[in-house]
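Here's the structure, in structure tokens; my notes come after.
Numbering (the numbering used here), first residue to last: 21 to 135.
See below:
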């Protein structure tokens, strides 16, 4: 959760810096839309599992940047790994990297699973 809050704080800070002083009351002038989702895991079998169930992702192409989606996806990933690979898997092993720099008003997400 700490990582997720840091991500949103960073996105908010970037938006604030890019706004002019007369628009600083608006945190996000433009709505960011999701372009891609990728999965990275230290264990190749877990990465294969995540990719094979990517159609069940809570992230949908074109959706807006919302904290609730990250929470739901993190829970989905943890449940999937617990049911198929490691019953003791901790949700704290799932984090996200968000890139808002590659294309204007768009973002990509990489779900990262640590062992």
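Cβ coordinates follow ideal geometry from the N, Cα and C atoms, glycine included. Model, not experiment: these values are computed from the prediction.
With 16 other Cβ atoms within 10 Å as the buried cut-off, status of residue 115: buried
Burial state of residue 93 (16 or more Cβ within 10 Å): buried
Per DSSP, the bridge partner or partners of residue 54: 127
DSSP-derived helix/strand/coil call for residue 115: strand
Beta-carbon proximity list for residue 62, same chain, < 8 Å, skipping 5 on both sides: 133, 134, 135
Residue 92, DSSP secondary structure in three states: helix
Close beta carbons around residue 41, own chain, < 7 Å, minus the five adjacent residues each side: Caution is warranted here: a pLDDT of 34 is assigned to residue 41, below 50, making its placement in the model unreliable, and no coordinate value can be reported.
Terminal residues of the alpha helix (DSSP H) in which residue 135 lies: For residue 135, there is no enclosing alpha helix (DSSP H), as DSSP gives it neither H nor E.
Alpha-carbon spacing of residue 109 relative to residue 89, whole angstroms: 20 Å
Cut-off 8 Å between Cβ atoms - residues of its own chain near residue 80, not counting five sequence neighbours on either side: 54
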